[in-house]
Structure formats: C-alpha cells, structure tokens
Amino acid sequence: MFSSPRIAPRRATASLLVVPAALLVLAGCATAPASDTDSGARADRAHGDDPGSSWAYSGAEGPEHWGGLSDAFGTCSSGSEQSPVDLPAARHGSALDLTAGGPVTGQTADNGHTVQFTAEDGAETRIGGDALQLVQMHFHAGSEHTVDGEAAAAEFHFVHADAEGGLTVVGVLADRGGHNTAYDSYIAGATATADAARKSTVDVGAMLPESRSYSTYAGSLTTPPCSEGVRWIVLEDRVELGSDQLADLEAAHDHNARPVQPLGERTVTNDLR
Ligand SMILES: [Zn+2]
C-alpha cells in the first residue's frame, strides 16, 4: 500500500498543517478525524463513526457549515485558497506533460461520500517532470469545477503525491455520451462497500482525454478538512461516459459536489511552472 512519509501540503512549511497520510488516502472524501495520524488508516475509517467528524453535502452538515463542524475543519471556512473554483473557458494551451506507468491495482468501495479507488501498488505518474504516485481516485456528480459557470455531468479526481507528500490532483470532467471502457473496472466498484471492497485497476493514461491542455491553480481538498497547498490540474477536454455508467455512479452518490469557492488573489494559468 501507499507508504510515503506524512502527507504535507505541497508548499508546506513547518508552521502549516500537516495532513496525515490517513487523510491523503481518503483525500477528497474522508470522514476520518484530522487527529488520526495513523498512516495505516484506510477507507474503513471513512464511515463517520466519529460523530465529531461527520459531514454531508446538504442540510445542517452541508458545505456552508463544514468549517464549524469540527476544530479540524476550520480551513473550510477560514481558508483563502479553497477548491473547487470556476475555471475560464478552454484556452488550449500546451499539453500536460504526463506519463502514467500503466494500470494500477487497488480496491474500490463506497466510502460514504463517493466511490473511491485506493491504489495498492503506488505506480508512478510523471507530471511536469515530477515523479508522483497515484494514491487514490474518486468521482463527484455533477462536477465540482465549473467552466464559465457551467458544471459537467461528473468529475474525476486522480490524487497524486510526491515524495514529500505534496498533493497534485488531476481533475477530469465528464459529459454524457458514449460508453467509456477505461472506466469500467472502477465503476464496477460503485456497489461495493468498505467491508467488501472490489479489486479493480485504474489506468490514468487511458482514463484521461486524448487532448491534454489544462488549467492549473493552487487550491485545497474539496472535502473536510479542506487542507490547502494542493496543486490542481484540471484538463480542458472532457471524457465521455455512457448513461449506464453515469447512472451507476449517481446511484451510489449524487450531488456530492462542493460549490465553487472564491478565486480571490489566485490566478488560473495554463502553465505548471
Ligand atoms: Zn474529489
């Protein structure tokens, strides 16, 4: 399984919050308490057993209340570089320099907020010259990032970590269209529970759109604890998913998307450097 050092925001300094590995494994969609520093913690912690850490996408525990649900979630309301954001219309800049190492084996299960694939063998993805490990991937429906104010049917987040634990999340928006076999193994896990996770494979290279122009900006996890220091890369082109595939995901979770956050002082560019 994933065994890097403690997960820290990409631009971490000693004074910044260190995100435990347990949260990285669940990044984006965990209910594990932030105080849980057991790097062996896995998706089986993700069912909100700790009432102090429970959150939701609507109602009294919905996104506008996350920051007050737990001391550990304060960044959700006090942060200044939060995700997702509204992105500009496609500018078709240079293609993302990404080389994936092929199919990664892991376990897929519903963690209570999304269907999450958790990588077991940490295959490498090279992005912009950096050697990263795919840690996990999951979905949101509809998309979290919007483009010119418009959401897509779904969004996939491929969560990567560098050797120091800095996070890079590659976001892929999906439209309703033709069946996409590259997503079959992952979607087959949509009905699996954490107690009976389904073995599956994720091939980042095959699951990304062919054309890889992108938007990039500095942001955060889009779920509590909303930790900042996450490098976001959202591809401009989209993939298609069949209606049956979207239905399988939406049957597991629908409306599991955080609303867009203010961009503030940040800029969205087409250049990783
Ligand atoms: Zn996500």
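In terms of this note's numbering, the sequence shown is residues 18 to 290. Even glycine gets a Cβ: it sits at the ideal position worked out from N, Cα and C. Since we're looking at a predicted model, the values are computed, not measured.
Thinking just about the alpha-carbon of each residue, which of the options is nearest to the one in residue i?
i: residue 192; options: 177, 175, 183 and 169; result: 169
i: residue 117; options: 101, 236, 151 and 103; result: 151
i: residue 276; options: 100, 222 and 228; result: 100
i: residue 229; options: 109, 199, 201 and 216; result: 109
i: residue 196; options: 263, 232 and 171; result: 263
i: residue 217; options: 83, 124 and 105; result: 124
i: residue 178; options: 198, 142, 222 and 155; result: 142
i: residue 155; options: 279, 240 and 138; result: 240
i: residue 136; options: 144, 130, 145 and 126; result: 126
i: residue 98; options: 138, 77, 278 and 270; result: 278
Compute every distance between the C-beta of residue i and the non-hydrogen atoms of ligand 2, then say whether any falls below 7 Å.
i: residue 239; result: Among the ligands present in this structure, namely ligand 1, ligand 2 is not found.
Mind checking whether residue i and residue j have CB atoms under 8 Å apart?
i: residue 120; j: residue 220; result: yes
i: residue 174; j: residue 164; result: no
i: residue 253; j: residue 107; result: yes
i: residue 115; j: residue 144; result: yes
i: residue 209; j: residue 128; result: no
i: residue 111; j: residue 273; result: no
Mind checking residue i: buried by the 16 CB within 10 Å criterion, or exposed?
i: residue 70; result: buried
i: residue 237; result: buried
i: residue 233; result: buried
i: residue 92; result: buried
i: residue 148; result: exposed
i: residue 213; result: exposed
i: residue 284; result: exposed
i: residue 160; result: buried
i: residue 180; result: exposed
i: residue 105; result: exposed
Among the residues of its own chain, which have a CB less than 7 Å from the CB of residue i, if the five just before and after it don't count?
i: residue 80; result: 74, 275 and 276
i: residue 266; result: 132, 156, 158, 171, 204 and 207
i: residue 166; result: 103
i: residue 66; result: A caution first: residue 66 carries a pLDDT of 41, below 50, which makes its placement in the model unreliable, though a value can still be read off. Result list for residue 66: empty, nothing under 7 Å.
Leaving out five residues on either side along the sequence, give the residues of the same chain with a beta carbon under 6 Å from the beta carbon of residue i.
i: residue 223; result: 199
i: residue 194; result: 257
Does any residue of chain D have a CB that is nearer than 8 Å to the CB of residue i?
i: residue 245; result: Note that chain D does not occur in the displayed structure, where there is just one protein chain.
Output the residue ranges of the alpha helix (DSSP H) runs that lie fully inside the segment 216–261 and measure 4 residues or longer, sorted by chain position. List check, alpha helix (DSSP H) in window: 221–224.
Where in the segment 85–147 do unbroken runs of the beta strand (DSSP E), each at least 3 residues long, occur, reported from the N-terminal end onward? If we require 3 residues or more, the beta strand (DSSP E) runs fully inside the segment 85–147 come out as 115–117, 121–127, 132–136 and 141–144.
Tell me the start and end of each unbroken beta strand (DSSP E) in the segment 169–195 that is at least 3 residues and wholly inside, in chain order. Taken in chain order, the complete beta strand (DSSP E) segments of 3 residues or longer contained in the segment 169–195 are 171–178 and 184–194.
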